[in-house]
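Peer 1: Per this note's numbering, the sequence shown starts with residue 21, numbered consecutively. We put the CB at the ideal spot given by N, CA and C, even for glycine.
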Amino acid sequence: MVGGPVAALDGWRLIRRYAVPGWMIAECTEARERGDWRTACEAARVTVAFSDPDVAGEVADLLAGFAPDLLRWHLPRALDGSAALATGLRLVLAPEGPVTADTTVLGVRTPRRWVGSSQRLTLHAVRAGDIAEGPVFPLPPWLWDARRAAELPAATEPEPRHRAPEGQGILEPWTAAGWSLDPADIRDWRQSELGLVRGVAPGLAAHELRRLVAQFGRGSWELRFGYYIVRPDEHLRLELDGTQPRLARRAATPSQPGPTRADLCLHPAFLRSPVDLQLVRHGRIGVEELHPLVRAALFPSAPTGQPADAGLVPAGFAEGERIRVRCGPDWHAIGLRGGRLDLLHHTDDERRRERALRAIGGTANGCFAVDLAWHDGTGALPRRLHTYRRDLWRRMQHGGSRVVLALLDAGLDPQLRDERGRTLLHRLHQFESAEVLPRLLAEGLDVNAHDWHGLTPMCEAVAHTAPPALLRALNEAGALPPLSEPSAGPETWSDPWIGSEPPDESPDAHVCS
Numbered sequence: 021m022v023g024g025p026v027a028a029l030d031g032w033r034l035i036r037r038y039a040v041p042g043w044m045i046a047e048c049t050e051a052r053e054r055g056d057w058r059t060a061c062e063a064a065r066v067t068v069a070f071s072d073p074d075v076a077g078e079v080a081d082l083l084a085g086f087a088p089d090l091l092r093w094h095l096p097r098a099l100d101g102s103a104a105l106a107t108g109l110r111l112v113l114a115p116e117g118p119v120t121a122d123t124t125v126l127g128v129r130t131p132r133r134w135v136g137s138s139q140r141l142t143l144h145a146v147r148a149g150d151i152a153e154g155p156v157f158p159l160p161p162w163l164w165d166a167r168r169a170a171e172l173p174a175a176t177e178p179e180p181r182h183r184a185p186e187g188q189g190i191l192e193p194w195t196a197a198g199w200s201l202d203p204a205d206i207r208d209w210r211q212s213e214l215g216l217v218r219g220v221a222p223g224l225a226a227h228e229l230r231r232l233v234a235q236f237g238r239g240s241w242e243l244r245f246g247y248y249i250v251r252p253d254e255h256l257r258l259e260l261d262g263t264q265p266r267l268a269r270r271a272a273t274p275s276q277p278g279p280t281r282a283d284l285c286l287h288p289a290f291l292r293s294p295v296d297l298q299l300v301r302h303g304r305i306g307v308e309e310l311h312p313l314v315r316a317a318l319f320p321s322a323p324t325g326q327p328a329d330a331g332l333v334p335a336g337f338a339e340g341e342r343i344r345v346r347c348g349p350d351w352h353a354i355g356l357r358g359g360r361l362d363l364l365h366h367t368d369d370e371r372r373r374e375r376a377l378r379a380i381g382g383t384a385n386g387c388f389a390v391d392l393a394w395h396d397g398t399g400a401l402p403r404r405l406h407t408y409r410r411d412l413w414r415r416m417q418h419g420g421s422r423v424v425l426a427l428l429d430a431g432l433d434p435q436l437r438d439e440r441g442r443t444l445l446h447r448l449h450q451f452e453s454a455e456v457l458p459r460l461l462a463e464g465l466d467v468n469a470h471d472w473h474g475l476t477p478m479c480e481a482v483a484h485t486a487p488p489a490l491l492r493a494l495n496e497a498g499a500l501p502p503l504s505e506p507s508a509g510p511e512t513w514s515d516p517w518i519g520s521e522p523p524d525e526s527p528d529a530h531v532c533s
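#1: For residue 210, count neighbouring Cβ atoms within 10 angstroms of its own Cβ and tell me buried if that reaches 16, exposed if not.
#2: Look up residue 15 in the DSSP assignment and give the residues it is bridged to.
#3: Measuring alpha carbon to alpha carbon, tell me which of 318, 386, 307 and 117 ends up nearest residue 344.
#4: How long is the line joining the alpha carbons of residue 117 and residue 237, rounded to whole angstroms?
#5: Quick one: grab the DSSP three-state call for residue 446.
#6: Is the Cβ of residue 502 closer than 8 Å to any Cβ of chain C?
#7: So what's residue 241 in DSSP terms, helix, strand or just coil?
#8: Let's test the definition: count the other Cβ atoms within 10 Å of the Cβ of residue 39 and tell me whether it reaches 16, buried, or not, exposed.
#9: Of the residues 241, 336 and 389, which one's Cα is nearest the Cα of residue 362?
#10: Among the residues of its own chain, which have a CB less than 7 Å from the CB of residue 35, if the five just before and after it don't count?
#11: For the 8 Å Cβ check, are there 3 or more pairs between the region 305-318 and the region 396-407?
#12: Taking the straight line between their C-alpha atoms, what separation do you get for residue 339 and residue 279?
#13: Output the residue ranges of the beta strand (DSSP E) runs that lie fully inside the region 282-362 and measure 3 residues or longer, sorted by chain position.
#14: From residue 185 to residue 502, what distance separates their C-alpha atoms?
#15: Helix, strand or coil for residue 144 per DSSP?
#16: Give the straight-line distance between the Cα atoms of residue 32 and residue 203, rounded to the nearest whole angstrom.
#17: Decide yes or no for the touch test of the region 78-92 against the region 366-383: beta carbon pairs closer than 8 Å, at least 3 of them.
#18: Where does residue 421 land, buried or exposed, given buried means 16+ other C-beta within 10 angstroms?
#19: Taking all protein chains shown into account, decide if residue 380 is buried (16 or more other Cβ within 10 angstroms of its Cβ) or exposed.
#20: Could you check how far apart the C-beta atoms of residue 66 and residue 140 are, in whole angstroms? I think they sit under 8 Å.
#21: Just to confirm my understanding: we take residue 400, look at its own chain, exclude 5 residues before and 5 after, and list those with CB closer than 8 Å. What are they?
#22: What are the start and end residues of the beta strand (DSSP E) that includes residue 110?
#23: Based on Cα-Cα distance, which residue from 439, 444 and 440 lies nearest to residue 433?
#24: Please confirm if the region 149-164 is in contact with the region 267-281, defined as three or more CB-CB distances below 8 Å between the two stretches.
#25: Can you give the Cα-Cα distance for residue 303 and residue 261, rounded to whole angstroms?
#26: Taking only three categories from DSSP, how would you classify residue 261?
#27: Can you give me the C-alpha to C-alpha distance between residue 30 and residue 367, rounded to a whole angstrom?
#28: Taking the DSSP output, what are the residues bridged to residue 155?
#29: CA-CA distance, residue 130 and residue 136?
#30: Take residue 267 as the anchor and find which of 500, 195, 450 and 485 has the nearest alpha-carbon.
#31: Verify whether the separation of the beta carbon atoms of residue 243 and residue 201 is less than 8 Å.
#32: Is the beta carbon of residue 119 closer than 8 Å to that of residue 235?
#33: Roughly how many angstroms lie between the CA atoms of residue 358 and residue 431, to the nearest whole one?
#34: Assuming contact is defined by CB atoms lying nearer than 8 Å, are residue 561 and residue 169 in contact in what I supplied?
#35: Quick check on the DSSP output: the alpha helix (DSSP H) that includes residue 36 runs from which residue to which?
#36: Near residue 37, which residues of its chain fall below 7 Å by C-beta distance, leaving aside the five closest residues on each side in sequence?
See below:
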């Protein structure tokens, strides 16, 4: 991914640890190298929304180099501790061009609304002329095509630091890179507009603008994060006048020819130097932790190979450890193995007595308070257990049903709750539910359990626009509240590539870099 300021590197370190796990990279690489792009997509949690072999034939060359794990690696992310994908983005993977209205391109859609939704991507094949109105972001080929991943070094340059409140100093790196700007206009920019260009590498922006103008035939490109518009009355645009790049504000979108009625835009995240360089240089991650294609591009002399952590279950998951807990006047040890706790210093009779006391309103203390926090999400956990639990939930959110089922098979406590008191059923919308729901019901999970806010799994599923199949399955399992029309969900919406524009997103849905 092309990245953010140094202050955001800790967030990007977390993203690099969880968002594209080693097992996903290994499986995608193996499938891609044998020419099986569909299997690579499934390994990378990419839903292929076309099945017509004729359509696949039209984009055969694009699919031949398509590396879905590399794409996932580079996409904008939420910097909120979840490592989730930025929402509401439509991305275009196109041949070098010139692209015409009849050119079939690949389209990728990130989750529609919430960073807490499923992390699956959706892959479309569509005529450029049929792409719906609204912002669409063409991607540079080195961010998704394995054959061109080595071009990533051409996108590197020192990252500018434009932090002056009134924009002073923002002109120098842009003018030095050959851009035309209006100093008087710059002085009137709002902080939101400065935020769009902050961190953008002017040299890379000029290179990418020229490439896109040649590819799509449009000379003016709006700079924006997603569906959220910084200023609806004015637009920040990168424009090419002959050979001269220009950064300017425009009160209206200029009328210009092109192959699509969609608004082709530039995302700041794709105009920055790779954050992986900064992560390695500042010691946040090691070179060996990079995606192999990224590592080969940025550090060609580094040893080759797949990431070390390539298992669905984390290394050492089955190995036991002990956590010290203050229990009354004494220090006790709680055993932790395979996602399960064991109150080593307490007998079964003591545990039954503690449950009976809680049932009549008693307060848990010591080891029993820790056990309660682990199983219903109330109260604080010792730091080690808190870190351990968050690690498991992040792995499941980004790995999906395969990781959930593998952890359950390895002994994970199915009654585990997160810090908001949500069970695995509450977060079912994040997984491939058809595989996970029967297993969780068989494990005895309550389909109507409440989290801290009193929400049931059905409430969570509806709030996160879960697929109709999941809503129907929850209905059939007796979930409350019952839905009279569980089919009225995403399957009934217009296709955002060839239908109406998806609903606007709020700024909170785009906490991305």
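Peer 2: Based on what the coordinates show:
#1: Counting the other CB atoms within 10 Å of its CB gives residue 210 a total below 16, which places it among the exposed residues.
#2: Since the first residue of the chain shown is 21 and the last is 533, residue 15 is not available in this structure.
#3: Here the closest residue by C-alpha is 386.
#4: Their Cα atoms are separated by approximately 9 Å.
#5: The answer is coil: DSSP assigns residue 446 none of H, G, I, E or B.
#6: Looking at the structure shown, chain C is missing, and only one protein chain is on hand.
#7: When DSSP states are grouped into helix, strand and coil, residue 241 belongs to the strand group.
#8: Result: buried.
#9: Per the Cα distances, 389.
#10: Correct list, in chain order: 97 and 103.
#11: Flag = no, the region 305-318 and the region 396-407 do not touch.
#12: If you draw a straight line from the Cα of residue 339 to the Cα of residue 279, it comes to about 58 Å.
#13: Listed in chain order, they are 283-286, 341-347 and 350-357.
#14: Here the model assigns residue 185 a pLDDT of 46, short of 50, so the residue's position is not dependable, and the following value carries that caveat. If I take the Cα positions, the gap works out to 52 Å.
#15: Looking at residue 144 - three-state DSSP - the assignment turns out to be strand.
#16: So the two alpha carbons sit approximately 34 Å from each other.
#17: No, they do not touch.
#18: So residue 421 ends up on the buried side.
#19: It counts as exposed.
#20: The pair is a contact, with the Cβ atoms about 7 Å apart (cut-off 8 Å).
#21: Annotation for residue 400: 393 and 406 place their beta carbon closer than 8 Å to its own, counting only its chain and skipping 5 residues before and after.
#22: For residue 110, the enclosing beta strand (DSSP E) covers residues 110-113.
#23: Nearest of 439, 444 and 440 to residue 433, Cα basis: 444.
#24: In this structure the region 149-164 lies against the region 267-281, because at least three pairs of beta carbons, one per stretch, are closer than 8 Å.
#25: One C-alpha to the other measures close to 42 Å.
#26: The three-state reading of DSSP puts residue 261 in strand, counting E and B together.
#27: Taking the straight line from one Cα to the other gives about 42 Å.
#28: DSSP lists 283 as the bridge partner or partners of residue 155.
#29: A direct Cα-to-Cα measurement between residue 130 and residue 136 gives close to 12 Å.
#30: For the residues 500, 195, 450 and 485, the minimum Cα distance to residue 267 belongs to 195.
#31: In this structure, residue 201 does not lie closer than 8 Å to residue 243 by Cβ.
#32: With contacts defined as CB atoms closer than 8 Å, residue 235 and residue 119 qualify as a contacting pair.
#33: Between residue 358 and residue 431, the C-alpha separation is close to 5 Å.
#34: There is simply no residue 561 to check, as the chain begins at 21 and stops at 533 in what is shown.
#35: 29-38 is the extent of the alpha helix (DSSP H) around residue 36.
#36: Result list for residue 37: empty, nothing under 7 Å.
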